[in-house]
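S.K.:
Numbering (our numbering), first residue to last: 1 to 117.
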């Protein structure tokens, strides 16, 4: 059974490298677990309107050879939102760039609420 997946494709002289967007989303999720103050993952508004699912509140795109990541999350109550968002940007950018070999153009953090857990 064929699966409908999106891939980040890099053409090399002796073939191509295809990395599933789901793999990048997993890298993002694991990197975010290292940041204190991150609560639950959210769902983006475009996903709600179009019905296209993104993995775990993470949307990944390739623009001009660089990765752009949109993350939808909740911040735990008592943590400063700008500080948590900045740490998420730093951790995710480093992890995605290091593991995929692609430059990371942007890590956009969308805080959709506060988590009380």
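Glycine included, each C-beta is placed from N, C-alpha and C at the ideal position.
Looking at the unbroken alpha helix (DSSP H) that takes in residue 70, where does it start and where does it end?
M.R.: From DSSP, residue 70 is part of no alpha helix (DSSP H) but of the beta strand (DSSP E) over 66 to 76.
S.K.: Can you name the start and end residues of the alpha helix (DSSP H) that residue 97 belongs to?
M.R.: First-last of the alpha helix (DSSP H) with residue 97: 81 to 100.
S.K.: What are the residues that DSSP puts in a beta bridge with residue 106?
M.R.: DSSP lists 68 as partners of residue 106.
S.K.: Residues in the same chain with beta-carbon distance under 6 Å from residue 68, minus the five sequence neighbours each way, listed in chain order, please.
M.R.: These residues qualify, in order along the chain: 61, 105 and 106.
S.K.: Closest to residue 27 by CA distance: which of 79, 41, 97 and 116 is it?
M.R.: The candidate whose alpha carbon is nearest that of residue 27 is 97.
S.K.: My understanding is that residue 39 touches residue 73, with C-beta atoms under 8 Å, so please give their C-beta distance in whole angstroms.
M.R.: That pair is a contact at about 7 Å.
S.K.: For residue 15, collect the residues of the same chain with a Cβ closer than 8 Å to its Cβ; drop the 5 residues on either side in sequence, then sort them by chain order.
M.R.: Answer for residue 15: no residue qualifies.
S.K.: Rounded to the nearest angstrom, how far is the Cβ of residue 92 from that of residue 31, given a contact under 8 Å?
M.R.: With a Cβ gap of about 5 Å, residue 92 and residue 31 count as contacting.
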